[in-house]
Amino acid sequence: MHQFWFKSEMFRVTLGEDEESNPFCYGRELAQWLQAQFAGREYSPENAFPEDWGWCVMLSRTGGMLWLGCSNVRSSLYEQVTPEQKPTFVPEPASLVWTSFVGTDRPSWSLRFGQRRAAIEQLSSAAESANGVLESVLRCESRIVLVPQP
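Going by the numbering used here, the letters in the sequence shown line up with residues 117 to 266, in that order.
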């Protein structure tokens, strides 16, 4: 699987958005946009929800979990924004490097070995397929510019 890094002005950040995840950890609008993009491509994604690393869009819970991760590079923000500025800080979308990736959580050990192995193989195949869709969605959007990993 690949993790994609990109710049875009499409995804705004709202004041206090990172209170649902971690300081300077954004991606709600990116996750919602990807949710809509995947819904039009034979997936039934759940609503985006916050995680401590960013935002998650669950694509499937069948035979393990298949999901999209959405976040931003935030290391420089810790250096640029003082504690006094933080309560009112909202970065400009163009200043952020966004990232998205396909993630999986394998089925539990409670399944018999053969069932678990088959489920893991199906999940791996589904993740490869979702990764292809993610790459296509990002590359086809003219307002997204893929960049090297920072």
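Every residue gets a Cβ at the ideal spot worked out from N, C-alpha and C, and that includes glycine.
For V249 and L262, the rounded distance between their alpha carbons: 15 Å
Could you check whether M126 and W149 sit closer than 8 Å to each other, using their CB atoms as the reference points? yes
Alpha carbons only, please: which of N247, P139, R177 is nearest the one belonging to A67? The first residue shown for the chain is 117 and the last is 266, placing residue 67 beyond what the model contains.
Given F124 as reference, the closest of Q265, P264, V206, I260 once Cα atoms are compared: It is worth fixing the name first, because residue 124 is Ser in this sequence and not Phe. Here the closest residue by C-alpha is I260.
Rounded to whole angstroms, what's the CA-CA distance from T198 to P209? Just pull it up for me. 19 Å
My guess is that T130 and G180 are in contact by the Cβ rule of under 8 Å, so how many angstroms apart are they, rounded? Not a contact, Cβ separation roughly 32 Å.
Do W214 and F122 count as a contact pair if the criterion is CB distance below 8 Å? yes
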